[in-house]
Amino acid sequence: MTDLGQLHHFLGIQVTRNSHGLFLDQSQYAKDIISRASMSSCKPCTTPVDLSAKLSATDGDLFSDPTLYRSLAGALQYLTFTRPDISYAVQQVCLFMHEPRDPHYAFLKRILRYLQGTLDYGIRIVKSNSHSLIAYSDADWGGCPDSRRSTNGYCVFLGDNLISWSSKRQPTVFRSSAEAEYRGVTNVVAEATWIRNLLLELHIPLRQASVVYCDNVSAVYLSDNPVQHQRTKHIEIDIHFVREKVKVGHIRVLHVPSSLQYADIFTKGLSRQLFQSFRSSLSVCPPPAQTAGES
């Protein structure tokens, strides 16, 4: 084995060390994506998604260069490794890779305009005295205009650091917001369970229950007191999976107000103020200022 010294670059990700921890960014990679789209001099915008934007598979004319669209969308997927703030927007454009249309490309260009104004942003990892595992789960019920499937998003924090996040369209249609939200809770409970097992193998067992925050009161109620009736019959396996984790003390599902539901950023477009607040809470920020003596 060869000791290559401190990590500075890894697969296009730049790593900056300081006295507080690490800062990971892909600023050069983001510049290359913008240059590939011939948008190096474009005007920046403050959010990657318009509040009213809902993409449909049939709106607009077919895009003239589908290969370019797929190339840019695929590149943006890799950028989400250090930019969770664009996860929802990238997930949306990737849904239409098979047959991109002009509105889809306009949506993608807005992401690039947002990146133009936040090129140096990355994700901050700091030293933390806490080993608590806290997750936020949310679902945009029936948000897809074509299939009425919901978009599920979650984020998981270990101590003060964001370590896992996801924005994904759910594979089935749900008849109520409670069912859509509960499926989201099930997904993040599975993720938290995997992280707990990984930490156990690393000899860092978690002594306290992991907390999952959800802004749907019905979903929170179902996690501890499942009601068996027609509305929830087809998600019965999810109910028992989560309730078992709650019963053994590994997971607690609690309610959180929508104003503090950080997972909203993974399920829908937000206003500028709310988006920037949640982005900061996810530790996505500009690089820390260098002080004398730091390298």
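First residue of the sequence shown? That's 445 in the working numbering, and the numbers climb one at a time after it.
Quick reminder that beta carbons are idealized off the backbone N, C-alpha and C, glycines included.
Note that this is a predicted model, so its numbers are computed, not measured.
Residue range of the unbroken alpha helix (DSSP H) whose run includes G566: No alpha helix (DSSP H) contains G566, which is instead part of the beta strand (DSSP E) from 566-570.
Top-ranked residue by Cα proximity to K487, from L559, S667, Q521, T511: L559
Output the boundary residues of the beta strand (DSSP E) element that contains C538. Counting along the chain, C538 falls outside any beta strand (DSSP E), though it belongs to the alpha helix (DSSP H) covering 531-538.
Note down, in chain order, each residue of its chain lying with its Cβ closer than 7 angstroms to the Cβ of G603, except the 5 sequence neighbours on either side. S572, S574, H575, S576
Flag this pair as touching only if the segment 540-550 and the segment 506-519 have three or more C-beta atom pairs under 8 angstroms; answer yes or no. yes
Looking at the structure shown, is H745 part of a helix, part of a strand, or coil, going by DSSP? Here the chain has residues from 445 to 739 only, and residue 745 is not among them.
Look at S608 and V600 and say whether their C-beta atoms are less than 8 angstroms apart. yes
Determine the direct distance from the alpha carbon of A733 to that of D469, and round the result to whole angstroms. 14 angstroms
From the DSSP secondary-structure annotation, give me the bridge partner or partners of W638. Bridge partners of W638: none, in fact.
Would you say A740 and R696 are within 8 angstroms of each other, going by their C-beta atoms? Examination of residue 740 is not possible in this model, given that the chain is present from 445 through 739 alone.
Per-residue burial, Q536 [other beta carbons within 10 Å of its own, 16 or more giving buried]: buried
To the nearest angstrom, how far is it from the Cα of T490 to the Cα of G587? 23 angstroms
Provide the residue(s) that pair with Q458 in DSSP beta bridges, ordered along the chain. H453, D469
What is the DSSP secondary structure of F722, reduced to helix, strand or coil? helix
Please state whether DSSP places G597 in a helix, a strand or coil. strand
Cβ of Y626 versus every heavy atom of the ligand PLP: is any distance shorter than 7 angstroms? Ligands in the displayed structure: none, and consequently the ligand PLP is not present.
So what's L606 in DSSP terms, helix, strand or just coil? strand
Name the DSSP beta bridge partners of I578, please? F601, V655
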